[in-house]
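Asks:
The structure is reproduced here in structure tokens:
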């Protein structure tokens, strides 16, 4: 649903903190993976190339705090922790998949735009994060 500029301005204090939580560096990928099936910590870490243990732990805690995922400790030997999507988190599945699809379709467009910008600025590309 389109929003008027005035509606956007009025709702920024509500929307901005929510979007900051969802759009945090690893959150979208973690939520996308967990929408498919519950996963253990190490399974998530293996799938998220480049994520540190601390970054993944912080991301999972933030998502759990916001009610988007559940954390279940299994009393098996050795003890394992499984993360799963909550009903609230599952409501993000379609928007996240749409964003993921958009990224796949437009990655080349973004790369070309970056290259054009860098040429115009006569600058070296910024280092990768």
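In my numbering, the protein residues as written are 894 to 1022. C-beta: ideal position from N, C-alpha, C; glycine also.
#1: Any contact of the segment 916 to 934 with the segment 975 to 988, i.e. 3+ C-beta pairs under 8 Å?
#2: Beta-carbon separation of residue 949 and residue 919 under 9 Å?
#3: Output yes or no for whether 9 Å exceeds the beta carbon distance between residue 914 and residue 956.
#4: So the alpha helix (DSSP H) residue 1006 belongs to, where does it begin and stop?
#5: Taking 6 Å as the limit between beta carbons, can you name the residues of its chain near residue 965, skipping five residues before and five after?
#6: Could you tell me the boundaries of the alpha helix (DSSP H) in which residue 936 lies?
#7: Along the chain, where does the alpha helix (DSSP H) containing residue 973 start, and where does it finish?
Replies: Reading it off the structure:
#1: yes
#2: yes
#3: yes
#4: 986 to 1014
#5: 975
#6: 934 to 940
#7: Note, residue 973: premise wrong, no alpha helix (DSSP H); beta strand (DSSP E) at 973 to 978.
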